[in-house]
Each structure stands twice: as C-alpha cells, then as structure tokens.
Amino acid sequence: MLDKINKYMGEVAQFNSLKVDEIESFRIKFIGSKGIVKTLFGEFKDVPNEQKKAVGQALNELKNTAIEKVKISIEALESEQAEKGIYGDLTRPGAPVELGSRHPISIVKNKITSIFSRIGFTVSEGPEIEDDWHNFTALNLPEYHPARDMQDTFFIEKSEDVEKDMLLRTHTSSVQVRYMNEHKPPIRTISPGRVFRNEDISARSHCIFHQVEGLYIDTDVSFADLKQTLLYFTKELFGKSKIRLRPSYFPFTEPSAEVDIYWGLETETDYRITKGTGWLEIMGCGMVDPNVLKNAGIDSEKYTGFAFGMGIERIAMLLYQIPDIRMFYENDVKFLEQFKAVQ
Ligand code: DAH
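Per our numbering, the sequence shown starts with residue 33, numbered consecutively.
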C-alpha cells in the first residue's frame, strides 16, 4: 500500500499543466468522488494494524498534496488568462504603424525650393502679418495706386500714416523688400509662404493660398538670365522645355511678363486646362524696378535683378490633376493619403 501511495505521490508532484481540461482530469482522477484518494481510503480498513499509522499519514499527505496541486494549477491558469486579457495574444504580429503623408502643398514647395537651391538660391521667409510699406509702398505701389485693387486686402489696423497700416500680406513679394534690406548683392533667394486675399472662395480661388517668390540681384543681370533660369525651372518641375514670356504689368517689375509653358494638347484634360491653346500660365516675373531697389537700399545704378512669383496651389493642381483648390484645406484623409508615395 505504501509503495502504491508513493508512486501516486510522484505522479502528483510531477503534474504541471495550464490547460483547463487537463487540470480537471487530474482533479477527478485523484480527488474526485471516485478518485484514487477515495479508493485508497476505502482500502484502508484492510491495512494491517501495525502499518495503519504510516499508511494513514501517507494517504492524508497524498490527499492534501493533490488538493494543493489543483489549487495552484487553477491560480496559475487564471493569472495567465488575465495577462492575455491585458496584452492580447503575445504571439500575434504587431499592429502596423500608420504612415502619414506630406501635404501636397509641402511636396510642391519642397520640389520648388530644391530645384532653385541646386543653382545657388537660398530659402528665406518673412512675416505673414505685414505693414503697408513692405507689402505695397516699397514695391512701387503708393497710396491710391490703382494696382492696389488687384489684390483685395485684409487689413488688421489702419493708421494715420498709410505706410504703417497693418495687414495680412497679399503676396510674398513683401519678402523681397525685407531680404534686400538685410542682405547685400549678390542676392539669390526664394521665399515660399502663405498669403491672404479677401476673395470669394470657389473651386479656383481661395482667401488663403501659398506662393513662392524669387529674387536675383547682381551686376549685369539681364532679361536673358531671367528667361534661362525659368526655362531650367520649368524643365525640372514639369519636364516641359517650351516656355514663352508674354508682356504684362506688375508695379514692382519693369519690364514685366507672364510665363506660359507649353503643356500640349494630347488629352482631353490638356484641352480643358489650356482652354484649347496648349499653353498654360504659371507665374509672373520681370526685371526689378529701380524704384524698388532704391526703396530697399540697393544702388540701382550698379545693380540690376529679376524677380518672379508663382502660386503653389495652382502648380500642385496641374501636377496632380486636383480639380478644386478647396481640397487642399479640407484635411480629408482620403485625399491626403494619395500623396503617401510622393516625396
Ligand atoms: N506678386 C505677384 C502676385 O501676387 C506675383 C509676382 C509677379 C511676383 C511678378 C513677382 C514678379 O516677383 O516679378 O500676383
């Protein structure tokens, strides 16, 4: 009898499982109502008297050890399940990290700055809240100049002295003036930034949009330099190598021009966006007016230069065939996600 009990003791000691059904079978086998412990107690009466003490002790020990084993197995099982509840299945693959995407405005801005930085242009910035002097007067747009009406302005503060009026800049050309005040020629800089105009919002125009301004000042800068720089730029950005400059008017440049690129007439979209001409206007430019150089403290006898300005939204709409300017500001993830692959 003692040998039998010792054998069962060994089995109980070795039992180790975290499976519900295995623990339950173990319990039934040893301490169930028809289990081994019960059966052995049934046989106890046949044990010779002189062995009764030893066998009785061993039997009680077997019973208690088996009960304890079931208890600790259930506890271990429960704590494992609790852990799973917190951490889930620790062997499953990790949750993928949602990759964001750059905003199309940033993508185009980065492309433009990178193209110009390759030919020596620095990147500069100016304030969005500007005074009249930098946004208008210094750029050859004195008070009552009719061209001020070309850009409907959000004024912040009117002052006795017009030049001190505060406003939201209507174009990045204001940065030209600030840059020339702070730097001596040769100057090669581009200034990307946000601009504001009091305009009705539609598919084609918005009251907030972005521009990139370019400024090049040195001795002997000619219109040919301007044209060649723009040709390089349009080739790099659009992969199109045909441009034309149409005479135009801007108060801060003389002569002034608008730049068209030959987009082509291969598809129906080409027809639509070029209104059947194949040509597309992409920016304004010109030779910096000597008055502007003077206003910014640069010797206009010694130096000449060119400037240009373009709208980032317009270029992004062309590059990515975006039909409505409002889409840039709606923060619709489905729209923005499409730019994940673009750098
Ligand atoms: N500032 C002009 C606008 O907002 C764009 C522009 C035209 C900038 C000609 C220039 C330029 O620097 O030379 O419409």
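Where is the CB? At the ideal position from N, CA and C, for every residue including glycine.
From residue i to residue j, what distance separates their C-alpha atoms?
{"i": "V320", "j": "D193", "result": "26 Å"}
{"i": "E274", "j": "E298", "result": "Strictly speaking, residue 274 in this sequence is Lys, with Glu absent from that position. For K274 and E298, the distance between alpha carbons rounds to 15 Å."}
{"i": "Y40", "j": "N96", "result": "13 Å"}
{"i": "T266", "j": "G341", "result": "13 Å"}
{"i": "R134", "j": "I357", "result": "17 Å"}
{"i": "R220", "j": "L350", "result": "27 Å"}
{"i": "I63", "j": "K70", "result": "7 Å"}
{"i": "E115", "j": "L122", "result": "10 Å"}
{"i": "K36", "j": "K77", "result": "16 Å"}
{"i": "S138", "j": "L368", "result": "12 Å"}
{"i": "P125", "j": "A45", "result": "37 Å"}
{"i": "Q353", "j": "L173", "result": "35 Å"}
{"i": "E268", "j": "L262", "result": "10 Å"}
{"i": "Q370", "j": "S149", "result": "27 Å"}
{"i": "K24", "j": "E313", "result": "No statement about residue 24 is possible, as the shown extent of the chain runs from 33 to 375 and does not include it."}
{"i": "G246", "j": "Y176", "result": "27 Å"}
{"i": "N83", "j": "L91", "result": "The question names Asn, but residue 83 is Gln in the sequence shown. Roughly 12 Å between the two C-alpha positions."}
{"i": "S65", "j": "L72", "result": "12 Å"}
{"i": "N38", "j": "N81", "result": "19 Å"}
{"i": "F47", "j": "D53", "result": "13 Å"}
{"i": "S254", "j": "I330", "result": "17 Å"}
{"i": "I147", "j": "V244", "result": "12 Å"}
{"i": "V365", "j": "Q113", "result": "38 Å"}
{"i": "F270", "j": "P136", "result": "15 Å"}
{"i": "E3", "j": "G88", "result": "Missing from the structure shown is residue 3; the chain here goes from 33 to 375 and no further."}
{"i": "A127", "j": "G120", "result": "12 Å"}
{"i": "Y264", "j": "P178", "result": "34 Å"}
{"i": "G296", "j": "K307", "result": "11 Å"}
{"i": "W311", "j": "V129", "result": "44 Å"}
Quick check on this structure: which residue in the options has the alpha carbon closest to the alpha carbon of residue i?
{"i": "K143", "options": "F360, L200, I347 and P355", "result": "I347"}
{"i": "I99", "options": "C317, L350 and I60", "result": "I60"}
{"i": "A339", "options": "F284, I354 and I314", "result": "F284"}
{"i": "S156", "options": "E110, Y211 and G271", "result": "Y211"}
{"i": "T309", "options": "I293, E93, F73 and V324", "result": "I293"}
{"i": "G42", "options": "K51, E93 and M198", "result": "E93"}
{"i": "A86", "options": "Q113, E130, M33 and V102", "result": "M33"}
{"i": "Q151", "options": "F270, N323 and D257", "result": "Note that residue 151 corresponds to Ile in the displayed sequence, not to Gln. When only C-alpha atoms are compared, the closest one is D257."}
{"i": "E160", "options": "K259, L131 and I188", "result": "I188"}
{"i": "A170", "options": "I330, N323, P355 and S65", "result": "N323"}
{"i": "A373", "options": "L131, I68, F47 and V79", "result": "L131"}
{"i": "R276", "options": "V365, K259 and K190", "result": "K259"}
{"i": "S234", "options": "T306, A108, I330 and P355", "result": "P355"}
{"i": "Y248", "options": "F153, V129, E75 and V102", "result": "F153"}
Using DSSP with H/G/I as helix, E/B as strand and the rest coil, what is residue i?
{"i": "W165", "result": "helix"}
{"i": "V44", "result": "helix"}
{"i": "E290", "result": "strand"}
{"i": "D78", "result": "helix"}
{"i": "S138", "result": "helix"}
{"i": "R150", "result": "coil"}
{"i": "G296", "result": "coil"}
{"i": "V69", "result": "helix"}
{"i": "S237", "result": "coil"}
{"i": "Q260", "result": "helix"}
Spatial neighbours of residue i within its chain, please: CB distance less than 8 Å, with the 5 preceding and 5 following residues excluded, ordered by chain position.
{"i": "S49", "result": "I55, F58 and S105"}
{"i": "D252", "result": "T336"}
{"i": "G158", "result": "H166, R201, T204, S206, V207, R210, Y211, S223 and G225"}
{"i": "A108", "result": "L50"}
Counting only the same chain and skipping the five closest in sequence on each side, list residues whose C-beta sits under 6 Å from that of residue i.
{"i": "V140", "result": "I344, I347 and A348"}
{"i": "D250", "result": "P217 and P218"}
{"i": "K326", "result": "S332"}
{"i": "Y281", "result": "S288"}
{"i": "E290", "result": "R278, S280, E313 and G316"}
{"i": "K190", "result": "D197"}
Ordered along the chain, which non-local residues of its own chain (more than five positions away) have a Cβ less than 7 Å from that of residue i?
{"i": "T145", "result": "V155, I222 and P224"}
{"i": "P287", "result": "P279, G318 and M319"}
{"i": "R236", "result": "I357"}
{"i": "G67", "result": "I60 and K61"}
{"i": "A328", "result": "A170, V209, M212 and N213"}
Any chance the stretch 172-184 sits against the stretch 222-241, with 3 or more Cβ pairs inside 8 Å? Cβ pair count under 8 Å is three or more, so yes.
Counting beta carbon pairs with one atom in the stretch 212-219 and one in the stretch 300-318, are three or more of them shorter than 8 Å? Touching, no.
Okay, do the stretch 231-248 and the stretch 351-370 touch, 3+ Cβ pairs below 8 Å being the bar? Remark: three or more beta-carbon pairs, one from each stretch, lie closer than 8 Å, so the stretch 231-248 and the stretch 351-370 are flagged as touching.
Touch test, the stretch 192-206 against the stretch 155-170, Cβ-Cβ under 8 Å, three pairs minimum: Counting C-beta pairs closer than 8 Å gives three or more between the stretch 192-206 and the stretch 155-170, which meets the contact rule.
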